[in-house]
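So the sequences go chain by chain: A and B.
The first sequence begins at 7 in the working numbering and counts up by one.
The second sequence begins at 8 in the working numbering and counts up by one.
Heads up: the structure comes next, in C-alpha cells.
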Amino acid sequence: MDLIANRISHRFGELAVLDDVSFTVSAGEVVAIVGPSGCGKSTLLSILGGLLQPSSGAPELRGSPPADSLNPLTFVFQDFALLPWATVEENVEFPLLHAQLSAAQRRAQVEDALRRTGLTDFRKTYPKQLSGGMRQRVGISRALAVRPAILLMDEPLSALDSQTRELLMEDFVRLLADGGMGAVYVTHNLEEAARLADRIVVLSRRPGRIREVVSVPMTRTERSEIAAREKLLAIQNQIWSLIRNEAIDAEREVQHA
Amino acid sequence: MLDRATTDTPAKDAPARRVRFRGAGFVPASSRFGGWIALALVIAIWQAAGSAGLVNPLFLPAPSAIVRAIYQLAVSGALWQHLSASLLRIGVGWLLGTAAGIAVGFGIGLSRLARSVGITFISALFPIPKIALLPLLILWLGIGEEPKIATIALGVFFSTAISVYSGVDAVPRNLIRMAQSFNVPFATIVRKVIWPGALPAILAGFRITASVALLLVVSAEMIGAQYGIGAFVLQAGNLMQTDQLLAGVVILSVFGLAVGRVINLLETRLLHWR
C-alpha cells in the first residue's frame, strides 16, 4: 500500500503552513520529513494520518494494506499518548478492543507486540512507573499490535535522552529491517533521518514546500557499520546546508513572535 | 563592561568551610499526629475551662456535656429519628443532583450545541443561593419532602455539572487524538478515555457537593421540617439547650468527616494510577 501526499496545502487562519506538498511513500519505504522549526512537519503528518483536514489537496492511499492490518496508518506520538490509568498491557490492547477479534486473537496480538518491544515483563506496570524510553516502547508496541502498513512517527525520540534515543533507534532499525512496514518519520534530527530513511523530504521554512528529496542509497543494516558513517555524515551535511539559513531565520522568527 | 573583583587563589592548605544549607522549609508536608494532638489539646482546655466554671455553660457547654447530650439522644432514639430524616434527604437529593449534573456536564463537555446552551444557563443560575428557592419549590411541590430534596438536588446539580465539564475539558487532547487515530468509536472514547480522564475532577466535585448537600439540608430543615438535624439544632437553640445544639453540630461535623473519608477511599481506589 502506498501513501500519497497529493498537493497538500494548509492554513491556520491567516497563517499559511504548508504549500502544495506532494510525494509518495511506497510500500515498505521509510520517508523522513525534515525542515526548519515551524515548517509544518507535524501538521503534514497529522494530515497524512487523517487527523487534520487540509485546506486543499488530500492524502491518498493506493493499493490494499496487508490482510491482517487493523489500522493501516498508525501513529507513534512524540509524547507517547499513553493512558495513565491503564497498565502497559491494557494500553497495548486498547486499539484492539473494538476490533473484530476473539479474546484469544487479541491476547495473541498483544503478546506478540509486547515481545517484539521487550515489554513482556512490564505488562502490569503503569506508565508513570516507566522511564521515557520504556513509555515510548509501549507506544511502539501499541502501534505494532494493530499490524500497521505505514507507521506515522512524529518526532518519536525527541522527548528522550541521548542514550535512550540510541537504543530506540536500534529498535526502529530492527523493526523496519524487513521492509514489511513503511514509515513516515518526522524529525528535526538529521542524524536520525539519515540513519533510518530511504528518502528524506526536506521542507522549506513556513509555508513548508518541498525543497529537495534526498535519497539514502544504503540498507539500514549497512548504516550501522563504521564504514558508512562518512557517507551518512555527508548526507546530513547536504541537508543541513539546505536548511541552515532558513533554520536561523525560523529561530529568530520564533524568538520574536 | 561590569567591573568585578578578581577571585583570589587560596593556599592549598587553607582550611575549608562547609557550604551552609539553605534549602530548608517550603515543603507542603504535615506531621502525622500533629493535628490530632492540637485538637485534643483544644478540647482539654475547653473542658478544663468548663469544669473550672470559667465559661458559662449556657453559652458554651463543656465537651463532656455535649457527649452526654449525644448519648441521651442516642439512647432515647431521637438521634436516629433526626439523622435518618436528614440522611434520606441528603442521599436522595445528592443522587438526583449528581446524576443530572453528570449527564449535563458530559453533554456540555462533548457537544458544541450543549456547551453553548448549557454554560449560558449554568452561569446565570449557579450564583443563585439555592435555599432562596425553597419557598418557590414549596409552592410548586407542596410542603412534604420534595421541596427539601429538590433544593439539595439543585445545589448539587450545578456544582457537579461544572466539575464534570471542567474535567472533560481537562482530559489531555493528545489521548483523544490517539484514540481517534486508531479509529476507536465515540462511545469507547467516552468510556475508556474521557470518563477516567475526567474522574479526578468529578471526585473533587463530589467533595464539594457533599458539603453543599449538608449545608442545604440543614438550611432547608431549619425553614420547614419537624425532624432532621437542622430542625433539631433550631429547636435546641430556641429552647436555649446549647448542649443539645452543639450535639447536633458535632453530629453534622462527624457526618462531614465520614463523607470525606468515603471520598478519600474512592480516590485511593479509583485514582491509584496518579
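Idealized CB from N, CA, C, for every residue including glycine.
No experiment lies behind these values; they were computed from the predicted model shown.
Mind listing the chain A neighbours of residue i? Cutoff is C-beta to C-beta under 7 Å, in chain order.
i                : result
LEU182 (chain B) : ALA87 and LEU89
THR195 (chain B) : LEU103 and HIS104
VAL191 (chain B) : PRO101 and HIS104
PRO203 (chain B) : TRP91
Whose C-alpha, out of the options, is nearest the C-alpha of residue i?
i                : options                                   : result
PRO223 (chain A) : A:VAL27, A:PRO90, A:ARG215 and A:ARG235   : A:ARG235
ALA157 (chain B) : B:GLY116, B:VAL200, B:ALA131 and B:GLU228 : B:GLU228
GLU95 (chain A)  : A:PHE83, A:LEU76, A:PHE81 and A:ASP127    : A:ASP127
PHE213 (chain B) : B:PHE262, B:GLU274, B:GLY255 and B:ARG119 : B:GLU274
GLU218 (chain A) : A:PHE18, A:VAL36, A:GLU35 and A:VAL40     : A:VAL40
ILE10 (chain A)  : A:ASP26, A:VAL152 and A:ARG201            : A:ASP26
GLY179 (chain A) : A:LEU51, A:THR225, A:ILE216 and A:ARG153  : As written in the sequence, residue 179 (chain A) is Val, which differs from the Gly given in the question. If we check each option's Cα against that of VAL179 (chain A), A:THR225 comes out closest.
GLY139 (chain A) : A:GLN111, A:SER168 and A:ARG112           : A:SER168
ALA194 (chain B) : B:GLY41, B:PHE113 and B:LEU277            : B:PHE113
LEU161 (chain B) : B:LEU103, B:ALA131, B:PRO192 and B:SER130 : B:LEU103
HIS279 (chain B) : A:LYS134, A:ILE232 and A:MET187           : A:LYS134
LEU140 (chain B) : B:SER226, B:VAL74, B:THR167 and B:GLY84   : B:SER226
GLY255 (chain B) : B:ALA76, B:ILE50 and B:THR16              : B:ALA76
PRO203 (chain B) : A:ALA92, A:PRO65, A:SER221 and A:LEU239   : A:ALA92
SER130 (chain B) : B:PRO142, B:ILE109, B:ALA51 and B:ALA168  : B:ALA168
SER91 (chain B)  : B:ARG276, B:ALA47, B:ALA238 and B:LEU272  : B:ALA238
PHE81 (chain A)  : A:MET187, A:HIS104, A:THR170 and A:ILE232 : A:MET187
Keeping to the same chain, check which residues put their C-beta closer than 6 Å to that of residue i; ignore five residues upstream and five downstream.
i                : result
ALA22 (chain A)  : PRO213
GLY174 (chain B) : ALA205, ALA208 and ILE209
LEU115 (chain B) : Note that residue 115 (chain B) is Ile in the sequence shown, not Leu. Cβ neighbours of ILE115 (chain B) beyond the five flanking positions: ALA121, ARG122, GLY125 and TYR172.
ARG250 (chain A) : none
Got a sec? Which residues, its chain only, sit under 8 Å from residue i by beta carbon, not counting five neighbours each side?
i                : result
ILE150 (chain B) : GLY231
GLY69 (chain A)  : MET7, ASP8 and ALA33
GLN88 (chain B)  : TYR234
VAL116 (chain A) : GLU95, VAL98, GLU99, LEU102 and ALA151
GLY63 (chain A)  : ALA11, ASN12, ARG13, ILE14, SER15, ASP26, VAL27 and SER28
LEU252 (chain B) : VAL240, ALA243 and GLY244
LEU221 (chain B) : ILE97, LEU259, PHE262, GLY263 and VAL266
LYS199 (chain B) : ALA186 and VAL191
Within 10 Å of its beta-carbon, does residue i have 16 or more other beta-carbons around it, so buried, or fewer, so exposed?
i                : result
GLY267 (chain B) : exposed
ILE14 (chain A)  : buried
PRO60 (chain A)  : buried
GLN233 (chain B) : exposed
TYR132 (chain A) : buried
LEU78 (chain B)  : It should be pointed out that residue 78 (chain B) corresponds to Tyr in this sequence rather than to Leu. So TYR78 (chain B) counts as exposed.
PHE165 (chain B) : buried
PRO162 (chain A) : buried
ASP20 (chain B)  : exposed
ASP10 (chain B)  : exposed
PRO64 (chain B)  : exposed
GLY57 (chain B)  : buried
GLN242 (chain A) : buried
ILE254 (chain A) : exposed
GLN106 (chain A) : exposed
PHE40 (chain B)  : exposed
LYS130 (chain A) : exposed
ILE109 (chain B) : buried
ARG143 (chain A) : buried
SER83 (chain B)  : exposed
PRO2 (chain B)   : Chain B is shown from 8 up to 281; residue 2 (chain B) falls before or after that span and cannot be answered.
Which residues of chain A have a Cβ atom closer than 8 Å to the Cβ of residue i, listed in chain order?
i                : result
VAL200 (chain B) : LEU89
Considering only residues of the same chain and omitting the five flanking positions on each side of residue i, which have a CB-CB separation below 7 Å?
i                : result
THR49 (chain A)  : HIS16, VAL23, LEU24 and LEU58
PRO71 (chain A)  : MET7, PRO78 and ALA155
LEU144 (chain B) : PRO154, ALA157 and THR158
GLU252 (chain A) : PRO42, SER210 and ARG211
ILE73 (chain B)  : ASP250, LEU253, ALA254 and VAL257
Taking C-beta pairs closer than 8 Å, name the residues in chain B that residue i reaches, listed in chain order.
i                : result
LEU57 (chain A)  : ARG184, GLN187 and SER188
VAL152 (chain A) : PHE189
What residues from chain B crowd round residue i, counting only those whose CB sits closer than 7 Å?
i                : result
VAL144 (chain A) : Near VAL144 (chain A) there are no residues of chain B at all, since even the closest Cβ is about 12 Å away, more than 7 Å.
ASN77 (chain A)  : PHE189 and ASN190
Which chain B residues are close to residue i, counting only those with a beta carbon under 9 Å from its beta carbon?
i                : result
PHE81 (chain A)  : ARG184, MET185, SER188 and PHE189
LYS134 (chain A) : TRP280 and ARG281
Exercise. Report yes or no: do three or more beta-carbon pairs, one from the segment 93-101 of chain B and one from the segment 187-196 of chain B, lie closer than 8 Å?
Key: no
Quiz item: Should the segment 242-261 of chain B be regarded as contacting the segment 175-183 of chain B, the criterion being three or more beta carbon pairs within less than 8 Å?
Solution: no
Quiz item: Counting Cβ pairs, one atom from each stretch, are 3 or more of them under 8 Å apart for the segment 148-163 of chain A and the segment 83-93 of chain A?
Solution: yes
Quiz item: Does the pairing of the segment 195-214 of chain A with the segment 235-247 of chain A give three or more beta-carbon distances under 8 Å?
Solution: yes
Self-check item: Any 3 or more C-beta pairs closer than 8 Å across the segment 198-210 of chain A and the segment 174-187 of chain A
Solution: yes
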